[in-house]
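J.:
In full-length UniProt numbering, the protein residues as written are 1 to 335.
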């Protein structure tokens, strides 16, 4: 098993009683430690985990020139760390239902971005090494790019830790049809400033992108989705220091447009998620952050926190920008 370019590759596993090199299942990759990072020219990484098993020298995995040599007699198991939507997580069924949420484990939301905008703050979602999706209303006052920074890999708000980084911004673009009054087309792209070799964010267990939904693939409303952020735990209070997460069900579109909920304010470019009894919701400070749903085992970005009535109010689920409606727009700007 292997990867292209200068990424490490593995020879075929040998038959018989002697165990040869192998690729670990993804679930074991996230449990394995220590993982030794091996960056690739395309910006991705593989992790190498030495395993104390006998291995003849001729079966050693190929490592390109310049890579460190491995101690003889060890099997190297390579874990593909990257690819969108991969993360360490506990089962959704074990999580409580950012208002009404619970503490998030490190590495469980590696796509989450923290946008510092002077005295203001918004969430965002990493979708590629140099691109973050957020809400247009976070940038509607057109802040100078020199006043914006983007934190990635953070578990504690505005606090650096192992695996986290803070990047500057090269540019940003709001959707041309965004309406401040109606919050229609509430989506924006932030382009991060590249570092060496043209890369921006270096992917790892702490930092990796969410997947975008496939075109025309319907959202399965029966599957729970989740939000994460450092927004207020209760309306009007300061946000938490530690990252919070919460599981939310998708509300059918026509139900959300009913007079008892949000009515005609909800348009086709929006979707709703939350509990009708209230108690769990995104809140101030979570704006622009992700609503992700597990699709084919990957965290897929389905919504961007946009607007709501209060925080966790009964019959007032949160309203999110429907990302699937903007795939062509995203592709047109990110290439």
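A virtual CB, placed ideally from N, CA and C, is assigned to each residue, including glycine.
Could you check how far apart the C-beta atoms of residue 332 and residue 305 are, in whole angstroms? I think they sit under 8 Å.
T.: Between residue 305 and residue 332 the Cβ distance is about 23 Å, and since that is not below 8 Å, they are no contact.
J.: Below 7 Å between beta carbons: does that hold for residue 84 and residue 225?
T.: no
J.: What distance in whole Å lies between the Cβ atoms of residue 124 and residue 336, which are believed to be in contact at a cut-off of 8 Å?
T.: Nothing can be reported for residue 336, as the shown portion of the chain is limited to 1 through 335.
J.: Sorted by chain position, which residues of the same chain lie with C-beta nearer than 8 Å to residue 194's C-beta, five sequence neighbours on each side aside?
T.: 130, 170 and 200
J.: Let me know the secondary structure DSSP gives residue 325 once reduced to three states.
T.: helix
J.: Give me the residue from 154, 329, 135 and 301 with the minimum Cα distance to residue 180.
T.: 135
J.: Quick one: using the 10 Å Cβ neighbour count with 16 as the cut-off for buried, is residue 141 buried or exposed?
T.: Classification of residue 141: exposed, given that the 10 Å Cβ count is below 16.
J.: Return yes when the Cβ of residue 250 is within less than 7 Å of the Cβ of residue 110, no when it is not.
T.: no
J.: According to DSSP, is residue 184 helix, strand or coil?
T.: coil
J.: Write down the C-beta distance between residue 149 and residue 168 rounded to the nearest angstrom, noting that I regard them as a contact closer than 8 Å.
T.: 6 Å
J.: Could you please give the first and the last residue of the uninterrupted alpha helix (DSSP H) stretch that includes residue 120?
T.: Per DSSP, residue 120 belongs to no alpha helix (DSSP H); it is in the beta strand (DSSP E), 120 to 128.
J.: Apart from the five residues just before and just after residue 106, which ones in its own chain have a Cβ nearer than 6 Å to its Cβ?
T.: 155
J.: In terms of residues, what are the limits of the beta strand (DSSP E) holding residue 293?
T.: Bounds of the beta strand (DSSP E) holding residue 293 are 290 to 295.
J.: Does DSSP put residue 146 in a helix, in a strand, or in coil?
T.: helix
J.: How many Å lie between residue 297 and residue 290 at the Cα?
T.: 17 Å
J.: Quick one: is residue 276 buried, meaning 16 or more other Cβ sit within 10 Å of its Cβ, or exposed?
T.: Residue 276 comes out exposed.
J.: Judging by CA-CA distance, which residue of 253, 261 and 260 is the nearest neighbour of residue 268?
T.: 253
J.: Mapping DSSP to helix, strand and coil, what is residue 194?
T.: Here residue 194 carries a coil assignment [DSSP, helix/strand/coil].
J.: When you compare only the Cα positions, how much space is there between residue 229 and residue 299?
T.: 16 Å
J.: Helix, strand or coil, according to DSSP, for residue 154 in the structure here?
T.: Coil, per DSSP.
J.: Nearest by alpha-carbon distance to residue 126: which of 114, 209 and 316 is it?
T.: The residue with the shortest Cα to Cα distance from residue 126 is 209.
J.: Once the 5 residues before and after residue 178 are set aside, which same chain residues still bring their CB inside 8 Å of it?
T.: The answer, listed in chain order, is 136, 137, 140, 184, 185, 186, 187 and 188.
J.: In chain order, what residues of the same chain lie with their CB nearer than 7 Å to the CB of residue 319, ignoring the 5 residues before and after it?
T.: 262, 266, 270, 272, 306, 307 and 308
J.: Report the option in 175, 323 and 190 whose CA atom is closest to the CA atom of residue 144.
T.: 190
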